[in-house]
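Enquirer: Throughout, this note's numbering is defined as the position within the sequence shown, counted from one, plus 10. Even glycine gets a Cβ: it sits at the ideal position worked out from N, Cα and C.
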Amino acid sequence: MSVTAPSASAKPAPDHHARFIELLQTSLEQNGFIKLVLAKYVGEEADLQRIIIKPVTVKAQPCLSFVYRYKTRDITKNLPLDEAVATIAGLLPAAFKNAHLLALTDEAQLEYSKKGKSSLFMSKPQQLREVPSAEHNREKNRFLDLNRPFLKDLGVTNAQHELIPAMSRKWKQINKFIEVFSHALTSSPLALDKPVRVADFGSGKGYLTFAIHDYLRNTLKAEGEVTGVELREEMVNLCNTAAAKLEHPGLVFKCGDVRSVAPSELDVMIALHACDIATDYAIHTGIRSGASIIMCSPCCHKQIRLQIQSPALLKPMLQYGLHLGQQAEMVTDSLRALFLEACGYETKVFEFISLDHTNKNKMILAVKRAEPVDPTQLLVKIQELKAFYQISEHCLETLLLADGLLKLKA
């Protein structure tokens with residue numbers, strides 16, 4: 011058998027893979043990298059569709075963020091640049107047959123046929139592109155995955171761990187809640203080397219209670235002692251059954267409210283949509299028990315609304331019931347935030363989630379300060395605000411004074 015030698019004029023097949031990786035490396039070195047998409051997956055992992063890769067900065071280090079896009083969930087991994095480039099090189103063409111690179115001055119697409127033949131297509135942008143900020147983009151980041159078992163048991167997903175369309179708003183609320191908690195945790199004095207004690211007052215069907223327990227245990231690898239407190243016994247039984255079935259150690263539900271179930275020590279206090287002064291009792295419990303994080307979403311503001319005497323100048327504006335209610339809400343929650351500040355918490359009041367999802371969208375978030383501050387001037391301002399609106403009593407103030415947690419100057 012004879013082998014015919016190639017003619018002197020024959021050219022070796024171009025190494026499109028090496029050229030593509032070279033283009034990627036150059037775009038990174040010149041700060042021109044925008045995005046890379048790996049598609050046409052041929053690996054063995056079920057439901058993986060593509061990987062979307064973008065620049066991020068993690069702890070002042072430039073990285074690439076790999077978003078593994080599955081049919082029903084996303085998983086994000088951040089890798090240093092050298093490791094990221096090596097990972098991309100290894101995925102082509104073994105796992106993905108198509109790669110689309112978008113850079114500031116170039117666009118390249120690497121494709122592999124069924125027989126393994128490669129093609130590289132190059133083009134220049136029609137107009138100048140901008141490199142996106144490398145700050146971590148959390149807009150679509152999911153703090154929980156849809157494949158978590160508790161979501162199926164609570165009716166958020168179906169048996170295939172796919173989101174039930176009617177539960178899409180609830181799913182967004184759950185993720186937003188965990189995102190807020192995650193940010194608060196990083197600025198709080200709370201340590202994760204010992205059990206984190208959490209109480210969720212008015213836990214209802216337990217969506218957020220299960221979520222925070224799952225996040226502590228499975229994402230942060232911390233031990234969570236989480237208690238859901240709910241007045242409706244049927245809800246308590248449903249949640250305890252689900253917790254036992256799913257083997258969630260450290261998660262329990264109790265029948266009662268913030269007045270009847272009051273832990274002596276807490277790390278995190280949650281009370282979402284507690285009506286009127288129930289929010290005040292919940293905040294008081296959080297402060298009294300030494301909670302590092304207090305998360306409240308108030309509902310109804312009857313106590314202050316009945317007391318407010320609007321200044322004469324504001325009466326034409328406040329003759330409309332809607333405005334009167336909004337004023338009562340603003341004054342009530344502002345005083346709550348100020349009382350928390352006076353008790354040593356850094357406090358924020360913000361829109362928890364879009365009004366498209368719920369009209370109960372305000373959150374009061376309080377994180378305990380590392381060092382206490384002198385509350386004297388703050389307490390003076392609180393009393394001036396009460397006097398302006400002729401408010402004789404605020405429930406939270408009464409509770410704090412009774413326990414000696416707040417001391418007013420004579």
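Measure the Cβ-Cβ separation of Leu-111 and Leu-164 and say whether it is below 7 Å.
Expert: no
Enquirer: Using a 10 Å radius around the Cβ and a threshold of 16 neighbouring Cβ atoms, would you call Thr-295 buried or exposed?
Expert: The C-beta of Thr-295 has 16 or more other C-beta atoms within 10 Å across all chains shown, which makes the residue buried.
Enquirer: What does the alpha-carbon distance come out to for the pair His-311 and Gly-214?
Expert: 21 Å
Enquirer: Is Asp-366 helix, strand or coil when you go by DSSP?
Expert: Note that Asp-366 scores a pLDDT of 43, beneath 50, so its modelled location is shaky; the value from the coordinates is reported in the next line. The answer is coil: DSSP assigns Asp-366 none of H, G, I, E or B.
Enquirer: Using 7 Å as the threshold, is the C-beta distance between Gly-238 and Thr-219 below it?
Expert: yes
Enquirer: Of the choices Ala-352, His-26, Ile-374, Thr-357, whose alpha-carbon is the least far from that of Leu-389?
Expert: The option with the nearest alpha carbon to Leu-389 is Ala-352.
Enquirer: Would you report the Cα separation of Asp-267 and Gly-216, rounded to the nearest angstrom?
Expert: 14 Å
Enquirer: Decide if Tyr-122 is buried, meaning its Cβ has at least 16 other Cβ atoms within 10 Å, or exposed.
Expert: buried
Enquirer: How about Val-278 and Val-208: are their beta carbons less than 7 Å apart?
Expert: With contacts defined as CB atoms closer than 7 Å, Val-278 and Val-208 qualify as a contacting pair.
Enquirer: Specify, as a first and last residue, the run of the alpha helix (DSSP H) that Cys-423 falls within.
Expert: The structure shown does not extend to residue 423, since the chain is modelled only from 11 to 420, so the question has no answer here.
Enquirer: Given this structure, state the Cα-to-Cα distance separating Asp-343 from Lys-372, to the nearest angstrom.
Expert: 9 Å
Enquirer: Just list the residues that DSSP pairs Asn-108 with in beta bridges.
Expert: DSSP lists Ala-49, Glu-121 as partners of Asn-108.
Enquirer: Given this structure, state the Cα-to-Cα distance separating Arg-29 from Gly-212, to the nearest angstrom.
Expert: Arg-29 and Gly-212 have their alpha carbons spaced roughly 59 Å apart.
Enquirer: Check each candidate in Leu-58, Ser-133, Leu-74, Ile-304 and name the one with the smallest Cα separation from Asp-210.
Expert: Among Leu-58, Ser-133, Leu-74, Ile-304, the Cα nearest to that of Asp-210 belongs to Ile-304.
Enquirer: Mind checking which residues open and close the beta strand (DSSP E) that includes Cys-353?
Expert: From DSSP, Cys-353 is part of no beta strand (DSSP E); its letter is neither H nor E.
Enquirer: What does the alpha-carbon distance come out to for the pair Thr-251 and Asp-92?
Expert: 48 Å
Enquirer: Say whether the stretch 319-328 touches the stretch 241-259, bearing in mind that this needs 3 or more beta-carbon pairs closer than 8 Å, one atom from each stretch.
Expert: no
Enquirer: Out of curiosity, what's the CA-to-CA distance linking Thr-386 and Glu-407?
Expert: 15 Å
Enquirer: As a quick exercise: from Ala-169, Leu-348, Ser-75, pick the residue whose alpha carbon is nearest that of Thr-97.
Expert: Comparing C-alpha distances from Thr-97 to each of Ala-169, Leu-348, Ser-75 shows the shortest one belongs to Ser-75.
Enquirer: Quick one: what does DSSP say Ser-37 is sitting in, helix, strand or coil?
Expert: helix
Enquirer: I'd like the span of the beta strand (DSSP E) that includes Val-278, first residue to last.
Expert: 278-285
Enquirer: By how many angstroms is the C-alpha of Asn-185 removed from the C-alpha of Ala-70?
Expert: 26 Å
Enquirer: Does DSSP put Asn-147 in a helix, in a strand, or in coil?
Expert: Any reading at Asn-147 must be qualified, since the residue scores a pLDDT of 44, below 50, and its modelled position is unreliable; the value itself is stated next. Asn-147 falls in the coil class under three-state DSSP.
Enquirer: Please tell me whether Cys-405 and Ile-280 are closer than 7 Å, where the distance is taken between their beta carbons.
Expert: no
Enquirer: Quick one: what does DSSP say Ile-31 is sitting in, helix, strand or coil?
Expert: helix
Enquirer: Going along the chain, which residues of its own chain have a beta-carbon closer than 6 Å to the beta-carbon of Leu-348, five neighbours each way excluded?
Expert: Ile-392
Enquirer: Does DSSP put Asp-84 in a helix, in a strand, or in coil?
Expert: strand
Enquirer: Around the C-beta of Thr-196, are 16 or more other C-beta atoms found within 10 angstroms, so that it is buried, or is it exposed?
Expert: exposed
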